[in-house]
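Going by the numbering used here, the letters in the sequence shown line up with residues 17 to 439, in that order.
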Amino acid sequence: MNRLIFSLLLCGLVACPDNDSGDASPGVSSADGGSAVVAAPRSTCSYDDECSAQEICAADGYCREAVDCQEDYHCNPCDQATCGFGGKGYCVEGFCKRARPLCAPCQSDAQCGEDSATGLSNRCGNFGGERVCLLEAGRRACPRGQLRSDDGFCVPGDRDQCGGILHCGEASECPDGKTCSRRDEDPGLCLDLCGGDDDCVTGQICGPDGLCVRGCAERGCPTNQVCHDTGRCGSACSQQEDCSTGYECREGRCRLPGCGDDNDCPPVFGVYCDPDTRQCLEGCRTDDHCSATQVCRETACVDRPCRTKELDCELGQFCCGVGLFGVGGETCPEGVEVGACFEPTTPFCQTCDDNDDCPAPRFQQDSLCVEYQDPEGNSRGKSCALGCRDLSDCPRGFECSAFEDQDGNPAGQVCTNARCAGD
Numbered sequence: 017m018n019r020l021i022f023s024l025l026l027c028g029l030v031a032c033p034d035n036d037s038g039d040a041s042p043g044v045s046s047a048d049g050g051s052a053v054v055a056a057p058r059s060t061c062s063y064d065d066e067c068s069a070q071e072i073c074a075a076d077g078y079c080r081e082a083v084d085c086q087e088d089y090h091c092n093p094c095d096q097a098t099c100g101f102g103g104k105g106y107c108v109e110g111f112c113k114r115a116r117p118l119c120a121p122c123q124s125d126a127q128c129g130e131d132s133a134t135g136l137s138n139r140c141g142n143f144g145g146e147r148v149c150l151l152e153a154g155r156r157a158c159p160r161g162q163l164r165s166d167d168g169f170c171v172p173g174d175r176d177q178c179g180g181i182l183h184c185g186e187a188s189e190c191p192d193g194k195t196c197s198r199r200d201e202d203p204g205l206c207l208d209l210c211g212g213d214d215d216c217v218t219g220q221i222c223g224p225d226g227l228c229v230r231g232c233a234e235r236g237c238p239t240n241q242v243c244h245d246t247g248r249c250g251s252a253c254s255q256q257e258d259c260s261t262g263y264e265c266r267e268g269r270c271r272l273p274g275c276g277d278d279n280d281c282p283p284v285f286g287v288y289c290d291p292d293t294r295q296c297l298e299g300c301r302t303d304d305h306c307s308a309t310q311v312c313r314e315t316a317c318v319d320r321p322c323r324t325k326e327l328d329c330e331l332g333q334f335c336c337g338v339g340l341f342g343v344g345g346e347t348c349p350e351g352v353e354v355g356a357c358f359e360p361t362t363p364f365c366q367t368c369d370d371n372d373d374c375p376a377p378r379f380q381q382d383s384l385c386v387e388y389q390d391p392e393g394n395s396r397g398k399s400c401a402l403g404c405r406d407l408s409d410c411p412r413g414f415e416c417s418a419f420e421d422q423d424g425n426p427a428g429q430v431c432t433n434a435r436c437a438g439d
């Protein structure tokens with residue numbers, strides 16, 4: 017190996033040169049008269065699933081290269097650096113995709129984004145004979161332009177959305193046993209007729225038009241009356257006997273036992289309302305139930321793994337995860353889990369006398385023995401600088417610097433930082 021030692025002044029680094037290879041650009045004839053290279057036309061799209069597995073449907077309506085990932089947290093926030101959209105992203109087959117819009121097919125809640133009108137999370141629900149992304153109504157009123165379905169979801173009043181959902185303009189357009197609920201919206205929605213409150217889900221009442229409505233939770237109550245969980249207004253309760261069977265008197269209202277939503281649970285992280293058991297449980301269903309430094313994994317809040325070294329790791333560390341060492345990157349060291357920050361391994365920053373003391377690196381680039389000097393030219397010591405292709409190959413706080421040998425010839429690029437000289 018060439019036994020050259022390269023000098024580096026601490027007061028300044030050599031900037032990486034611009035790429036000027038002279039290669040012909042796509043669609044332009046080469047300088048030597050060769051054939052022009054014409055780029056293949058890009059596919060148009062409306063949703064990500066209309067593109068290949070390695071692409072997303074960008075905001076301009078064309079399929080573009082997607083960002084690779086290993087976990088959903090690599091894709092959030094879903095911005096230009098990840099999936100190119102606002103809202104929530106998720107990791108599908110190793111690539112970031114944007115969350116499904118309302119009424120898009122889905123398999124799990126994680127694939128559904130947020131409602132643009134309310135900012136509330138959507139859920140993957142059964143409706144119209146298929147599973148689609150819908151806003152869960154819960155105990156809320158549906159946003160304007162959406163109607164509450166029989167299954168407790170808010171569905172948009174757009175005829176072009178949610179295939180299989182029966183929209184209508186009048187009752188004659190609905191099957192037997194259903195009527196058209198307009199609710200001041202056009203078009204309406206075909207909903208089941210009810211004969212009494214028992215035909216409706218908990219919290220709804222059978223209205224005069226034969227449709228289940230949310231009752232007082234949506235309409236409010238007259239002065240001196242309260243809204244009970246039955247959906248009916250009435251006087252405040254003071255004892256258990258004031259409530260119907262199956263309800264309990266709490267804070268002057270007849271309420272169902274347990275919690276109705278997360279608001280009924282203690283306002284602390286790591287506690288949520290289980291809708292099936294109506295119990296406040298320790299753990300989580302979504303990341304919203306955890307603190308800002310945690311994520312929800314299998315109903316438990318755990319420390320948020322690192323997404324990038326710049327955001328989550330200390331100076332001099334890498335992040336074991338997606339894009340660890342840039343395109344065509346290396347694997348994490350043995351024993352380091354995905355999502356963990358780690359110090360670079362030997363020979364990084366080890367002392368050296370010449371290049372022979374610096375073994376072959378992991379980046380398909382030669383390592384160099386670099387001498388660090390202060391502004392007066394005094395030596396601060398020599399250490400191995402690992403080769404790099406770009407900044408992603410270097411730990412946080414390091415630069416990918418171009419070097420020349422003693423004759424002024426290019427000698428490659430290496431990761432440099434004064435910390436290797438002991439500063």
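Positions of the beta carbon are idealized from the N, C-alpha and C atoms, including for glycine.
Cα-Cα separation, residue i to residue j
| i | j | result |
| --- | --- | --- |
| Leu407 | Ala401 | 13 angstroms |
| Gln429 | Pro411 | 14 angstroms |
| Cys140 | Glu109 | 19 angstroms |
| Ser197 | Leu209 | 10 angstroms |
| Arg269 | Gly231 | 15 angstroms |
| Leu91 | Cys322 | Rather than Leu, the amino acid found at residue 91 in this sequence is Cys. Spanning the two alpha carbons is a distance of roughly 12 angstroms. |
| Ala187 | Arg248 | 27 angstroms |
| Asp382 | Gln422 | 17 angstroms |
| Gly226 | Asp192 | 13 angstroms |
| Gly250 | Ser137 | 32 angstroms |
| Glu87 | Cys335 | 14 angstroms |
| Glu326 | Gly332 | 10 angstroms |
| Glu420 | Cys128 | 52 angstroms |
| Cys67 | Gly212 | 49 angstroms |
Start and end residues, alpha helix (DSSP H) containing residue i
| i | result |
| --- | --- |
| Leu327 | 325 to 328 |
Limits of the unbroken beta strand (DSSP E) element including residue i
| i | result |
| --- | --- |
| Tyr6 | No information on residue 6 is available, as it lies outside the stretch 17 to 439 that the chain covers here. |
| Phe111 | 111 to 114 |
| Val83 | Where Val83 is concerned, there is no enclosing beta strand (DSSP E), given that its DSSP letter is neither H nor E. |
| Pro426 | 426 to 432 |
| Ala316 | 316 to 319 |
| Thr195 | 194 to 197 |
| Tyr288 | 287 to 290 |
Cβ-based burial, residue i [other Cβ within 10 Å; buried from 16]
| i | result |
| --- | --- |
| Gln220 | buried |
| Asp34 | Annotation note: pLDDT 38 at Asp34 (below 50); position unreliable, coordinate value reported separately. So Asp34 counts as exposed. |
| Ala120 | buried |
| Leu207 | buried |
| Ala69 | exposed |
| Val284 | exposed |
| Asp303 | buried |
| Val148 | buried |
| Gln256 | exposed |
Residue-level contact to chain B via CB, residue i, 8 angstroms cutoff
| i | result |
| --- | --- |
| Cys416 | Chain labels in this structure do not include chain B; a single protein chain is all it has. |
Which of helix, strand or coil DSSP assigns to residue i
| i | result |
| --- | --- |
| Leu3 | The structure shown has nothing for residue 3, since the chain only spans 17 to 439. |
| Glu146 | strand |
| Val297 | Per the sequence shown, residue 297 should be read as Leu rather than Val. Note: Leu297 maps to strand in three-state DSSP. |
| Glu152 | strand |
| Ser307 | coil |
| Leu209 | coil |
| Ser399 | strand |
| Ser260 | coil |
| Cys336 | coil |
| Leu272 | coil |
| Arg230 | coil |
Should the stretch 347 to 366 be called in touch with the stretch 386 to 396, which here means at least 3 C-beta pairs below 8 angstroms?
no
Spell out a yes or no on whether the stretch 109 to 122 and the stretch 77 to 84 are touching, meaning 3 or more CB-CB pairs, one atom from each, closer than 8 angstroms.
yes
Pairing CB atoms from the stretch 389 to 396 with CB atoms from the stretch 307 to 326, are three or more of them under 8 angstroms?
no
Examine the Cβ distances between the stretch 288 to 299 and the stretch 321 to 335 and report whether three or more of them are shorter than 8 angstroms.
no
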